[in-house]
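Visitor:
Numbering (the UniProt record's numbering), first residue to last: 1 to 334.
(1) Would you list, in sequence order, the uninterrupted beta strand (DSSP E) runs of no fewer than 3 residues that lie entirely inside the segment 60 to 111?
(2) Distance, Cα to Cα, residue 92 vs residue 295?
(3) What's the C-alpha gap between residue 26 and residue 158?
(4) Short of 6 Å in beta carbon distance, which residues of its chain neighbour residue 228, apart from the five on each side in sequence? Order them along the chain.
(5) Using a Cβ-Cβ cutoff of less than 6 Å, which residues in the same chain neighbour residue 322 once the five nearest sequence positions on both sides are dropped?
(6) Skipping 5 residues on each side, what residues in its chain have a beta carbon closer than 8 Å to that of residue 224?
(7) By the three-class DSSP mapping on this structure, what secondary structure does residue 223 have?
(8) Within its chain, find whatever has a CB closer than 7 Å to the CB of residue 39; leave out the 5 residues flanking it on each side and keep chain order.
(9) Which of the three DSSP states is assigned to residue 287 in this structure?
(10) What residue does the beta strand (DSSP E) around residue 120 start on, and which one ends it?
(11) I'd like the span of the beta strand (DSSP E) that includes residue 160, first residue to last.
(12) So, using beta-carbon positions, are residue 220 and residue 179 closer together than 7 Å?
(13) Roughly how many angstroms lie between the CA atoms of residue 334 and residue 320, to the nearest whole one?
(14) Who does residue 267 pair with in a DSSP beta bridge?
(15) Using CA atoms only, rank isn't needed, just tell me which of 312, 282, 258, 242 is closest to residue 302.
(16) Got a sec, what are the start and stop residues for the alpha helix (DSSP H) residue 16 sits in?
(17) Does residue 138 pass the burial test, meaning 16 or more other C-beta atoms within 10 Å, or should it be called exposed?
(18) With residue 180 as the anchor, note down where its beta strand (DSSP E) starts and where it stops.
(19) DSSP on residue 216, reduced to helix/strand/coil?
(20) Less than 7 Å between the beta carbons of residue 161 and residue 104, yes or no?
(21) For residue 53, write down the residues that DSSP places opposite it in a beta bridge.
(22) Suppose you measure from the CA of residue 102 to the CA of residue 273; what does that come to, to the nearest Å?
(23) Rounded to whole angstroms, how far is the Cβ of residue 125 from the Cβ of residue 57, which I believe are closer than 8 Å?
(24) Just mark residue 235 as buried or exposed, buried being the case when its beta carbon has 16 or more other beta carbons within 10 Å.
(25) Pull up the distance between the alpha-carbon of residue 83 and that of residue 109, whole angstroms please.
(26) By the 10 Å Cβ neighbour count, where 16 or more other Cβ atoms means buried, how is residue 61 classified, buried or exposed?
(27) Where does residue 244 sit, in a helix, a strand or coil, going by DSSP?
(28) To which residues of the same chain is residue 277 closer than 8 Å at the C-beta, ignoring the five residues directly before and after it?
(29) Would residue 147 be called buried (16 or more neighbouring beta carbons within 10 Å of its own) or exposed?
(30) For residue 315, which residues from the same chain have a beta carbon less than 7 Å from its beta carbon, with the 5 sequence-adjacent residues on both sides left out?
(31) Grab the span of the beta strand (DSSP E) containing residue 7 for me, first residue to last.
So, in structure tokens, the structure goes:
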């Protein structure tokens with residue numbers, strides 16, 4: 001008798017990170033329910049059995065339907081505030097409903113379900129920035145959380161809801177705190193709105209790449225495909241990871257001035273035009289303290305448990321991103 005393949009429910013399957021996770025899951029011998037507001041695009045030659053499930057999960061009863069029969073849930077949903085940024089305004093109730101409310105709903109559904117079943121594993125995509133501004137340049141997960149931005153406060157609140165539910169044995173929660181993620185998202189309805197891709201698009205448009213500092217501020221950058229592999233690795237190691245947050249990163253804090261200079265060179269290589277300038281400009285009013293702090297991630301604990309390692313070299317990842325953004329601009333999609 002054939003063994004029934006496990007059902008992985010992916011929430012946010014058309015998002016920037018979620019679409020990459022779907023591509024990673026597609027090569028596995030599993031069943032996937034790809035949940036999103038718009039229909040997810042099934043990768044070609046998928047080995048997995050993929051069910052496309054469209055739903056507005058903020059509507060009553062839709063979340064319970066989406067996770068019915070799940071063996072594990074991967075939660076990659078994030079509220080997107082605008083066309084170029086992840087930032088959200090103080091007291092944004094629509095963002096809170098998605099970023100925190102859907103997690104509360106998930107816990108409520110499982111609390112009201114069959115408590116004789118084993119607690120459902122839930123892998124949550126959090127954010128390293130939840131810790132808030134800190135003088136530590138290398139973060140290892142031991143830092144107290146003191147988020148300043150509204151998005152980070154909401155991500156932390158959602159994570160705590162999950163970890164509290166884990167303590168109650170309602171579910172088994174794993175939070176993977178993501179660093180600065182960049183890349184491209186074929187089949188995604190949400191393009192990368194992070195700083196790297198924003199500057200790639202500026203360079204492709206022939207505009208200067210701008211920085212709110214002198215370029216020495218360091219960031220730990222991670223390619224979206226490596227992030228997807230990490231979230232799926234967390235599913236593979238739920239028993240060892242459940243019950244706490246884990247930091248994800250490359251282990252290298254790179255000066256953004258050097259990163260943007262590389263972007264300008266790669267765009268010039270693609271277009272055949274001279275590299276655009278990389279210039280410092282005054283920070284806008286919506287800049288946050290964390291924008292000026294150095295961040296490097298020590299992900300040794302997660303690596304040791306999961307065996308995960310980033311695979312894509314930075315220059316290759318930046319070139320892939322430039323090529324994808326350039327193709328979109330040529331087709332009028334950018």
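Quick reminder that beta carbons are idealized off the backbone N, C-alpha and C, glycines included.
Guide: Judging by the given coordinates:
(1) 72 to 75
(2) 27 Å
(3) 27 Å
(4) 20, 21, 24
(5) 200, 266, 267, 270
(6) 16, 17, 20, 181, 182, 183, 184, 185, 192
(7) In the three-state DSSP reduction, residue 223 falls in the strand class (E or B).
(8) 52, 54
(9) coil
(10) 120 to 127
(11) Unbroken run through residue 160 is the alpha helix (DSSP H), 150 to 167; no beta strand (DSSP E).
(12) yes
(13) Bear in mind that a pLDDT of 41 at residue 334, under 50, signals an unreliable position, so the model cannot answer this.
(14) In the DSSP output, where bridge partners are listed per residue, residue 267 has none listed.
(15) 242
(16) 16 to 26
(17) exposed
(18) First-last of the beta strand (DSSP E) with residue 180: 180 to 182.
(19) coil
(20) yes
(21) 35
(22) Residue 102 and residue 273 have their C-alpha atoms some 46 Å from each other.
(23) Their Cβ separation, rounded to whole angstroms, is 15 Å, which puts residue 125 and residue 57 out of contact at 8 Å.
(24) For residue 235, the number of other beta carbons within 10 angstroms of its own is at least 16, and it is reported as buried.
(25) With a pLDDT of 43 at residue 83, under the threshold of 50, the predicted position of this residue should be treated as unreliable, and no value is reported.
(26) Flag for residue 61 reads exposed.
(27) Here residue 244 sits in strand by DSSP.
(28) 208, 209, 264
(29) buried
(30) So the qualifying residues of the chain are 262.
(31) Element bounds for residue 7: 7 to 11.
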